[in-house]
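Below: one structure, written as structure tokens.
There are 2 protein chains.
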Amino acid sequence: MSATLKEIARRTGKSITTVSRALADYDDVSAETKGLVRRVAEELNYTPHLLARRLQKQSSDTIGLILPTFGPRFSDPFFSEFLAGIGNMAAEYGYDLLVSTQPPGEQEMQVYRQKVRSRQVDGFVIVRTRRTDPRIRYLQEVGFPFVAFGRTEGELNFPFVDVDGALGMRRIAEHLIALGHRRIACLAPPADLLFAEYRLMGLRQALADNGLALPESFIVRSDLTEQGGYEGAQRLLQAAEPPTAIAACNDLMALGAMSAIQERGLQVGRDIAVTGFDDIPMAAHAHPPLTTVRQPIYQIGKMVCEMLIQLLRGQDSVARQVMLAPELSVRQSCGAAVTGAAARP
Amino acid sequence: MSATLKEIARRTGKSITTVSRALADYDDVSAETKGLVRRVAEELNYTPHLLARRLQKQSSDTIGLILPTFGPRFSDPFFSEFLAGIGNMAAEYGYDLLVSTQPPGEQEMQVYRQKVRSRQVDGFVIVRTRRTDPRIRYLQEVGFPFVAFGRTEGELNFPFVDVDGALGMRRIAEHLIALGHRRIACLAPPADLLFAEYRLMGLRQALADNGLALPESFIVRSDLTEQGGYEGAQRLLQAAEPPTAIAACNDLMALGAMSAIQERGLQVGRDIAVTGFDDIPMAAHAHPPLTTVRQPIYQIGKMVCEMLIQLLRGQDSVARQVMLAPELSVRQSCGAAVTGAAARP
DNA sequence: TTGAAAGCGCTAACAA
DNA sequence: TTGTTAGCGCTTTCAA
Numbered sequence: 352m353s354a355t356l357k358e359i360a361r362r363t364g365k366s367i368t369t370v371s372r373a374l375a376d377y378d379d380v381s382a383e384t385k386g387l388v389r390r391v392a393e394e395l396n397y398t399p400h401l402l403a404r405r406l407q408k409q410s411s412d413t414i415g416l417i418l419p420t421f422g423p424r425f426s427d428p429f430f431s432e433f434l435a436g437i438g439n440m441a442a443e444y445g446y447d448l449l450v451s452t453q454p455p456g457e458q459e460m461q462v463y464r465q466k467v468r469s470r471q472v473d474g475f476v477i478v479r480t481r482r483t484d485p486r487i488r489y490l491q492e493v494g495f496p497f498v499a500f501g502r503t504e505g506e507l508n509f510p511f512v513d514v515d516g517a518l519g520m521r522r523i524a525e526h527l528i529a530l531g532h533r534r535i536a537c538l539a540p541p542a543d544l545l546f547a548e549y550r551l552m553g554l555r556q557a558l559a560d561n562g563l564a565l566p567e568s569f570i571v572r573s574d575l576t577e578q579g580g581y582e583g584a585q586r587l588l589q590a591a592e593p594p595t596a597i598a599a600c601n602d603l604m605a606l607g608a609m610s611a612i613q614e615r616g617l618q619v620g621r622d623i624a625v626t627g628f629d630d631i632p633m634a635a636h637a638h639p640p641l642t643t644v645r646q647p648i649y650q651i652g653k654m655v656c657e658m659l660i661q662l663l664r665g666q667d668s669v670a671r672q673v674m675l676a677p678e679l680s681v682r683q684s685c686g687a688a689v690t691g692a693a694a695r696p
Numbered sequence: 352m353s354a355t356l357k358e359i360a361r362r363t364g365k366s367i368t369t370v371s372r373a374l375a376d377y378d379d380v381s382a383e384t385k386g387l388v389r390r391v392a393e394e395l396n397y398t399p400h401l402l403a404r405r406l407q408k409q410s411s412d413t414i415g416l417i418l419p420t421f422g423p424r425f426s427d428p429f430f431s432e433f434l435a436g437i438g439n440m441a442a443e444y445g446y447d448l449l450v451s452t453q454p455p456g457e458q459e460m461q462v463y464r465q466k467v468r469s470r471q472v473d474g475f476v477i478v479r480t481r482r483t484d485p486r487i488r489y490l491q492e493v494g495f496p497f498v499a500f501g502r503t504e505g506e507l508n509f510p511f512v513d514v515d516g517a518l519g520m521r522r523i524a525e526h527l528i529a530l531g532h533r534r535i536a537c538l539a540p541p542a543d544l545l546f547a548e549y550r551l552m553g554l555r556q557a558l559a560d561n562g563l564a565l566p567e568s569f570i571v572r573s574d575l576t577e578q579g580g581y582e583g584a585q586r587l588l589q590a591a592e593p594p595t596a597i598a599a600c601n602d603l604m605a606l607g608a609m610s611a612i613q614e615r616g617l618q619v620g621r622d623i624a625v626t627g628f629d630d631i632p633m634a635a636h637a638h639p640p641l642t643t644v645r646q647p648i649y650q651i652g653k654m655v656c657e658m659l660i661q662l663l664r665g666q667d668s669v670a671r672q673v674m675l676a677p678e679l680s681v682r683q684s685c686g687a688a689v690t691g692a693a694a695r696p
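Taken in sequence, the protein lines are chains A and X.
Position in the first sequence (from 1) plus 351 gives the number in the working numbering.
Position in the second sequence (from 1) plus 351 gives the number in the working numbering.
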């Protein structure tokens with residue numbers, strides 16, 4: 352399909368070595384030879400065989416991303432945006448992106464080990480860090496480069512980018528409190544997802560700082576889907592004294608909660624406040640628009656990827672652990688009077 | 352990190368060739384030698400160097416997927432599910448998945464050419480086919496294997512899987528007509544996305560078959576986002592004689608339309624019907640739940656990937672062009688009286 | 001300024 | 001049953 356150096360060498364009457372160096376623009380090749388070689392290469396549409404080059408360079412120039420898929424109906428607006436961030440940055444530096452999908456578990460670890468040992472990738476991007484994360488433990492153990500999106504318990508010394516979930520939830524809490532809410536409940540994901548814990552901690556802390564409690568009955572765990580939020584909110588609404596505000600740990604759950612509330616004939620924002628976290632595109636166009644916390648997912652993807660590449664290149668990156676402050680995006684679902692125009696940026 | 356054949360050869364006192372064949376379980380190697388070699392390989396945690404193997408095999412065992420990203424805030428629930436389908440199937444057959452992101456355009460074609468010529472991938476999965484698709488034209492021209500999700504204009508003879516959008520929309524239209532609607536409008540994506548055309552055609556045809564017209568003013572083009580649907584619906588609602596039903600060409604637009612309708616104080620389902628297409632997870636949990644057309648995206652991902660792999664392996668696959676009949680998923684947004692239990696599977 | 005030779009790690013044809 | 005040789009396409013000493 353595409354010519355090889357050998358073919359160019361044959362046609363130019365030069366050696367393979369010379370051709371290689373001419374194309375790499377070494378300065379120990381005569382201008383004349385370079386011209387000739389380049390012309391022929393152009394003519395033949397020469398493109399280097401990457402596998403061959405990589406074998407010899409002993410580097411795959413490839414970044415691995417193993418998506419932890421939960422169930423067959425895997426659908427998360429978060430991932431595609433994040434993927435675009437990583438992908439674009441990787442492309443900018445000439446890296447490839449190798450994507451796999453594996454539900455968390457032993458087989459997932461097999462895939463990591465396999466990719467590491469077969470030198471298929473130079474480094475990994477880890478997403479959805481877990482409380483104690485076998486992926487991170489393994490990669491640290493074998494000294495394989497990676498950058499994570501998210502922290503783990505114990506805050507080991509590895510490079511990561513994360514959004515300060517506690518701060519984000521604190522902002523949510525303070526906003527709700529300022530609006531007069533005293534009975535605030537939380538839709539939280541499974542406890543082994545640490546990022547949820549930070550958010551929950553931030554909420555609890557902010558409430559405590561304001562003399563408010565967060566009783567156990569006001570913390571409902573479910574998965575991160577609309578369905579989970581829907582069911583969780585139903586549980587909360589059945590209580591004898593239901594909350595006046597529900598702070599969900601992500602937007603999907605918040606949207607599910609809104610559905611549950613509306614199905615009971617209540618009005619979100621007026622009868623009960625709902626807030627999310629993530630600011631997925633959907634959030635601005637829910638009805639009412641969802642008050643939430645904005646995470647610059649695309650930017651995070653780029654940043655994680657760039658940090659990893661710097662790591663791979665041995666440039667000790669300036670920042671090894673980055674904590675981003677999320678930003679409150681106030682719309683109508685919390686009951687704050689905001690005009691449509693202001694809420695829709 | 353991981354040992355090489357050479358190292359195993361050294362330790363066992365055998366030749367590299369013998370070791371290679373022992374591990375590949377050739378039957379011209381003595382049981383004794385096999386045992387020895389395997390033991391040492393195990394001990395050293397041997398994993399073949401995939402780049403080396405692939406260079407020699409002249410095959411990358413890799414499937415390419417270049418996601419056409421539109422804008423930085425790329426977020427499409429469709430892609431993650433599709434990706435999981437492809438990824439899982441690829442893994443099953445031992446293929447890698449190489450993912451890139453590129454907005455449509457000349458640079459995108461460069462990436463295709465580069466990946467083809469550098470033999471980085473053995474074949475491509477094409478998504479979001481376009482009316483006349485330069486990717487498909489190019490790949491056909493150079494005879495490079497690929498399978499598309501979607502058709503193109505002229506229905507060239509290439510392998511694809513697609514959902515019969517016309518049929519899906521026909522079912523929507525017939526359902527709406529049965530409910531008594533006569534003024535049915537359409538939220539359609541940009542005309543260069545062919546799949547939208549099929550859906551539009553199906554709608555028009557079904558209406559015509561029932562003696563109804565689809566005036567130009569009832570076809571609003573916008574992008575495939577909630578924002579697009581929101582704005583499109585606003586336009587439709589401002590008309591002197593607004594439609595009584597809005598059939599959106601995807602769920603995101605339908606959800607946006609619902610927001611626009613509700614913002615005007617109207618009730619979806621009662622005052623105006625809304626339908627979508629795709630059946631994203633969100634659809635079941637919108638308020639009211641969205642009547643839509645189910646596309647088995649995950650299955651399609653798997654199928655596309657499997658067809659490509661069969662192509663790569665020279666097994667002339669049974670089906671080269673697959674058309675899937677989508678299935679109506681009736682919920683409340685169309686005004687049909689359906690109990691919550693029936694609508695939530 | 002150029003080329004021969006070696007080697008990245010693997011597989012395969014051919015001999016022994 | 002095993003080893004020698006060659007080669008995948010490329011880069012990089014080292015000599016000429």
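No residue lacks a Cβ here, since even glycine has one placed at the ideal position from N, Cα and C.
Residues of the segment 565-586 of chain A with Cβ closer than 9 Å to any Cβ of chain X, in chain order: T576, E577, Q578, G580, Y581
L406(A) beta carbon less than 8 Å from that of R470(X): no
Just how far apart, CA to CA, sit T642(A) and T576(A)? 18 Å
Where does the unbroken beta strand (DSSP E) through I414(X) begin, and where does it stop? 413-419
Are the Cβ atoms of H526(A) and V673(A) separated by less than 8 Å? no
Under 8 Å, do L545(A) and E504(A) count as touching if we go by C-beta distance? yes
Cβ-based burial, Y446(X) [other Cβ within 10 Å; buried from 16]: buried
Got a sec: is the Cβ-Cβ distance from A375(A) to anything in chain X below 8 Å? no
Going straight from the alpha carbon of T452(X) to that of V472(X), what length do you get? 15 Å
Locate the beta strand (DSSP E) running through D560(X), then write down its first and last residues. No beta strand (DSSP E) holds D560(X); the alpha helix (DSSP H) holding it covers 545-560.
Span of the alpha helix (DSSP H) holding I528(A)? 516-529
Length of the line joining the Cα atoms of G438(X) and F495(A): 23 Å
Relative to the alpha-carbon of E492(A), which residue among F509(A), G436(A), F569(A) has its alpha-carbon at the smallest distance? F509(A)
Contact check, R700(X) vs D574(X), beta carbons under 8 Å: The requested residue 700(X) is not part of the displayed model; chain X covers only 352 to 696.
Backbone secondary structure at P696(A) - three-state DSSP: Since pLDDT at P696(A) reaches only 35, below the 50 mark, its modelled position is unreliable, and the value read off the structure follows with that caveat. Coil at P696(A), not helix or strand.
L588(A) to A637(A) span [Cα, whole Å]: 20 Å
Going by the beta-carbon positions, is the gap between S568(X) and V619(X) smaller than 8 Å? no
Among E443(X), D378(X), E432(X), whose alpha-carbon lies nearest the alpha-carbon of T413(X)? E443(X)
If you count every other CB in all the chains shown that lies within 10 Å of the CB of P566(X), and 16 or more means buried, which is it? exposed
Counting only C-beta atoms, is P496(A) closer than 8 Å to chain X at any point? no
Report yes or no: is there a C-beta of chain A within less than 8 Å of the C-beta of H400(X)? yes
For a minimum of 3 consecutive residues, which ranges assigned as the beta strand (DSSP E) are wholly contained in the segment 559-642 of chain A? 570-572, 596-599, 624-626
Rounded to whole angstroms, what's the CA-CA distance from L606(X) to A634(X)? Just pull it up for me. 8 Å
Can you tell me which of the three DSSP states V681(X) falls into? coil
Using a cut-off of 7 Å between C-beta atoms, extract the partners of T420(A) located in chain X. A435
At the 8 Å Cβ level, is F430(A) part of the contact set with chain X, yes or no? yes
Go to A392(X), then tell me how far its alpha helix (DSSP H) extends in each direction, as first and last residue. 382-394
Check the DSSP bridge columns for F511(X) and list the partner residues they point to. A499(X), Q672(X)
Less than 8 Å between CB atoms is the rule here; does M654(X) satisfy it with respect to chain A? no
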